[in-house]
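In what follows, a single structure is set out as structure tokens and then discussed.
2 protein chains.
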Amino acid sequence: LKIDGKTRLCAVLGNPVEHSLSPALHNAAFEAEGLNLCYAAFRVEDLAGALAGARALNLLGLSVTIPHKVAVMQYLDEVDETASRIGSVNTVIHRDGKLYGTNSDGMGALRARRESGAGLEGARVLVLGSGGAARAVAFTLGKEAALKEMVLLGVLEHECAALCESLSRAAAFPVRWEPMNPETLKRNAAASDGVIHCTPVGMHPNTGESLLARGDLRPEQFVFDIVYTPRRTRLLQEAEAAGCRTVQGVEMFLYQAVFQFELWTGRKAPVEVMRRVVMACLA
Amino acid sequence: LKIDGKTRLCAVLGNPVEHSLSPALHNAAFEAEGLNLCYAAFRVEDLAGALAGARALNLLGLSVTIPHKVAVMQYLDEVDETASRIGSVNTVIHRDGKLYGTNSDGMGALRARRESGAGLEGARVLVLGSGGAARAVAFTLGKEAALKEMVLLGVLEHECAALCESLSRAAAFPVRWEPMNPETLKRNAAASDGVIHCTPVGMHPNTGESLLARGDLRPEQFVFDIVYTPRRTRLLQEAEAAGCRTVQGVEMFLYQAVFQFELWTGRKAPVEVMRRVVMACLA
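Protein chains in written order, with this note's numbering: chain A, 798 to 1080; chain B, 798 to 1080.
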């Protein structure tokens, strides 16, 4: 990585950001493509100042992470429809003096699936969770994928009902929700073509936990897990044992970064370079 | 250069900055010392926003260049005595949430001289020019070096008189000025122990110009030239021909950067690494 007087900067804003993989990932991609760009991580408390800085220092793009994904929206010139509905922005593009916000988290899931050679068209999809990740996946699929049906299961019933209601207005397919419990999990998993897990269950250090067991799953189903520490969560192990096709959270993380790269640079991302870096960082 | 989630950023703010040598110079120094720092260049129009950004993004240090060296002062928490007197800041240190301003341009000249094994103590010094560079050199010597006398020659008489007056109050040695013309140049050069040239005369593309010729100089004298494009200006060629000791502008540029590095990091700078980079960039 070489920085000179013409190098433009991209950055992730979050708090904390010390353990972010994004600098390694994006810098490897910039370097592989011979782009005069570099990517840094900023631990930010004063978000207004950070966004004023992004404008004044002419940063090319931002990744935005916890706890700033919602608050960042007020400092942008435009937020696209999907990010507005999700209610959070994880990607900012600086173009012609304006800051545009979008959300690549759901696209990460969708592209990870498509790159594995399959879409979600016509599928009955069960989404577990109703937080930020679930919203990102649900609204992105609502806009981008012609599902047959989506079912939401959540522990926070108000949150889940609200997500279901606003998603129903935005999506072309039917959406319904139920409170999450052992019975609803089992029944809705059985009735689905696949499951997208969007809760922290099973994340390090609670790696023994899973919302579903192999007995709840069939070989024709697919299972995505947004959790990527560990890479093979208990849920994915159960799904593999049941013969399901799986998509690891690390693939979703990778593809949301791929999507960011492509938005910032207008070029196809060097996916294999980026995958190698992510895998090396997580190994 | 490797950037991860813990890397802190330094930067130069200016307009233009596309051809700045500072990123190559400081990044090489950071890398040589194994510091988790990197240095970028930002072309800045909105200086208030840039300084808000420097705070919010927790930049470690800034270099400030044309046209922002004066205006930047209003955005800092503290400006040291020398920089206040010079009336401009080219170096900002971010420490404990505060931005401190100083000016390393004059220290560059003084250290370049000292590193060559000689000081300026007891010398009668002729300073040519009364602009920003002359102010930086004059006030820094006024504070840091026990000269015998300083004479200022300038074309802009009000500017030169004002510099002389304020410098007289700050320095422990006598200071006087005269309007710059062929006669005052010749006479004051003859009466001095050495000359510090702080005007743009002789800078690329006007490389044939010089305020002094070899006949004006004696072998016991020293001649500094702040101009560093070309490295060997016409003035320095004349001085060498007269047998004088010379200090190139590139050495002053180098040592002001060395001084910045040491202020930001609290360590001794890898001067030889930095010199190699500057020489390679200018070659």
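For each residue, glycine too, the CB sits at the ideal point set by N, CA and C. The model shown is predicted, which means the values in this text are computed figures rather than measured ones.
Quick check on residue i - is its C-beta less than 8 Å from some C-beta in chain B?
| i | result |
| --- | --- |
| I890 of chain A | no |
| V841 of chain A | yes |
| P820 of chain A | yes |
If you run the structure through DSSP and keep just helix, strand and coil, what is residue i?
| i | result |
| --- | --- |
| E1035 of chain A | helix |
| T1043 of chain A | strand |
| L1081 of chain A | Chain A is shown from 798 up to 1080; residue 1081 of chain A falls before or after that span and cannot be answered. |
| V922 of chain A | strand |
| A826 of chain B | helix |
| V809 of chain B | strand |
| Y1025 of chain B | coil |
| P1067 of chain B | coil |
| E1048 of chain B | helix |
| G929 of chain B | helix |
| A1077 of chain B | helix |
| T1030 of chain A | coil |
| L1060 of chain A | helix |
| A943 of chain A | coil |
| S817 of chain A | coil |
Give a yes or no on whether 8 Å exceeds the smallest Cβ distance from residue i to chain A.
| i | result |
| --- | --- |
| A1080 of chain B | no |
| S817 of chain B | yes |
| V814 of chain B | yes |
| R1073 of chain B | no |
| K866 of chain B | no |
| A825 of chain B | no |
| V852 of chain B | The sequence given here places Arg at residue 852 of chain B; Val does not occur at that position. Answer yes: the Cβ-Cβ gap between R852 of chain B and chain A drops below 8 Å somewhere. |
Which chain B residues sit within Cβ distance under 8 Å of residue i?
| i | result |
| --- | --- |
| Y1052 of chain A | Result: empty, since nearest Cβ-Cβ is about 20 Å, beyond 8 Å. |
Chain B partners of residue i, CB-CB under 9 Å?
| i | result |
| --- | --- |
| C835 of chain A | L798, I800, C835, A837 |
| P1067 of chain A | Those within 9 Å of P1067 of chain A in chain B number zero; the least Cβ separation is about 17 Å. |
So which residues of chain A does residue i contact, with C-beta pairs closer than 7 Å?
| i | result |
| --- | --- |
| L806 of chain B | A837 |
| A849 of chain B | G846, A849, G850 |
| K803 of chain B | E815 |
Going along chain B in order, which residues have a C-beta closer than 7 Å to the C-beta of residue i?
| i | result |
| --- | --- |
| N855 of chain A | F839, R840 |
Can you check which of these residues, the options, is closest to residue i by C-alpha distance?
| i | options | result |
| --- | --- | --- |
| L834 of chain A | B:A851, B:L822, B:I800 | B:I800 |
| L944 of chain A | A:R921, A:G846, A:E980 | A:R921 |
| T879 of chain B | B:E941, B:E842, B:F827 | B:E941 |
| M1049 of chain A | A:A1038, A:R892, A:S913, A:V876 | A:S913 |
| R910 of chain A | A:V992, A:T804, A:M1000 | A:V992 |
| E1035 of chain B | B:S901, B:E1006, B:A825, B:G916 | B:E1006 |
| C807 of chain B | B:A1066, B:K1065, B:G903, B:S860 | B:S860 |
| R966 of chain A | A:R882, A:L982, A:A1054, A:M904 | A:R882 |
| P971 of chain A | A:F936, A:L953, A:T1030, A:L822 | A:F936 |
| A1054 of chain B | B:G802, B:A821, B:R805, B:V814 | B:A821 |
| V1074 of chain A | A:A969, A:V809, A:A825 | A:A825 |
| F1021 of chain A | A:C995, A:G1040, A:R852, A:N1003 | A:C995 |
| A1127 of chain A | A:N887, A:L1032, A:R932, A:Q1057 | Past the boundaries of the shown model lies residue 1127 of chain A; chain A is included only from 798 to 1080, so the question cannot be answered. |
| R973 of chain B | B:S927, B:R1029, B:P997, B:L857 | B:S927 |
| A1080 of chain B | B:G858, B:L818, B:G811 | B:L818 |
| A853 of chain B | B:G884, B:R805, B:G831, B:E842 | B:R805 |
| G905 of chain A | A:T1062, A:Q1045, A:A1077 | A:Q1045 |
| I890 of chain B | B:G919, B:L925, B:L917, B:L848 | B:L848 |
| G903 of chain B | B:Q1057, B:R840, B:E1069 | B:Q1057 |
| S901 of chain A | A:E1037, A:K866, A:C961, A:R984 | A:K866 |
| Q1018 of chain A | A:P1027, A:E842, A:D990 | A:D990 |
| A968 of chain B | B:M947, B:A958, B:N812, B:V952 | B:M947 |
| M870 of chain B | B:G884, B:L857, B:I863 | B:G884 |
| L925 of chain B | B:Y1052, B:L832, B:G858, B:L960 | B:L960 |
| G1012 of chain A | A:P1027, A:A1038, A:E975 | A:A1038 |
Go through the region 832-917 of chain A residue by residue and report every complete run of the alpha helix (DSSP H) that reaches 4 residues or more, in order.
The qualifying runs are 844-853, 878-883, 902-912.
Segments assigned beta strand (DSSP E), at least 3 residues, entirely inside the region 945-1023 of chain A:
Runs of the beta strand (DSSP E) inside the region 945-1023 of chain A: 946-951, 972-976, 991-994, 1019-1022.
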